[in-house]
Amino acid sequence: MKIAVTSYSYSSLKIDDFECIRLAKKMGFDAIEFAEIHPDGSDKKEHAKKLKALSDELNLPIINYAIGADFINKGLDSEVERLKYEIEVASILGVKVMRHDATYGPDGEQKSLTGFEKYLPTLAEGCRRVTEYAKQFGIKTSVENHGLYCQQSDRVEALMKAVDNDNFGWLVDIGNFLCADENPLDAVKVGAKYAVYAHIKDFYFSPKEQDMPDGYFETRGGNYLCGCVHGDGIVPIGECIDILKKAGYNGAVTLEYEGKENPETGVPKSLEFLRKTI
């Protein structure tokens, strides 16, 4: 099983996209994911061509392209058209999988436990139209369990069933379920059968009965999380990967690091743990 890294892991270093590729190669990863790309003065497609050329030169494939989207707050038709352009960018990067969001939730309802069913038809239509366009490029599209509103496993599964398209799947982030106060083991079992890609992250946890520690953020249920070096937190990483494997997932896993330690040291520690675990 190949191990990739997302460019998001390096975000605190404030380095450009090209340096992300070079650093991922230096650290020994098998591939890299881009969580957005940041053009260096050229347009996005020209920038993508340059990134693809460097990844080819270093023999470090760009394996996934992950971007934001919101079919509720930004408008269905306009978001579909914007994402079609992003699919063309993804094709230039050479990826076979692209993740886009569905929604962060209606304004003021991001943490709501109700109302999802009302918006599900719109979300499904947007995802379906985008993935139908992506087929011609040989790209599978996916959504990730993240963003609180569309994060818990039953909501993402409902979206999978509503879209009902073999070109559309789930980017299963084994740690993000904690943001919706779900047990990762239970939630990964739900997502595994739809998995087309996987993110591996880890978190420290603090219960809501205590004051929020410095550097933590609040979950939907009022508990607290903080990103950490893989293996140091509460996510059962090995067990979650085993669930994915047993469900037939044989793609790469992508290391996503959100810890407070400098990524230049935190990411290699996480990679060492992940290699031993796999």
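When you line the sequence shown up against our numbering, it's residues 213 to 490, in that order. Note that CB positions come from ideal geometry on N, CA and C, so glycine has one too.
query                                                                                               : result
Gln348 versus Glu300: straight-line alpha-carbon distance, rounded                                  : 10 Å
Endpoints, alpha helix (DSSP H) assigned at Met239                                                  : 229-239
Ser354 beta carbon less than 8 Å from that of Glu394                                                : no
Separation of Lys457 from Ile233, as counted between CA atoms                                       : 27 Å
Sufficient close CB pairs (3 or more, under 8 Å) joining the segment 214-232 to the segment 260-272 : yes
Between the CA atoms of Glu298 and Gly403 - distance to the nearest angstrom                        : 25 Å
The segment 302-320 touching the segment 412-429, judged by at least three CB pairs closer than 8 Å : no
Segment contact flag, the segment 251-260 with the segment 283-293, C-beta cutoff 8 Å, min 3 pairs  : no
Beta carbon of Phe389 nearer than 8 Å to that of Gly443                                             : no
Leu266 and Ala236 closer than 8 Å at C-beta                                                         : no
Straight-line gap, Glu421 to Val447 (C-alpha atoms, nearest Å)                                      : 20 Å
N-terminal and C-terminal residue of the alpha helix (DSSP H) that Ala464 is part of                : Note, Ala464: premise wrong, no alpha helix (DSSP H); not H, not E.
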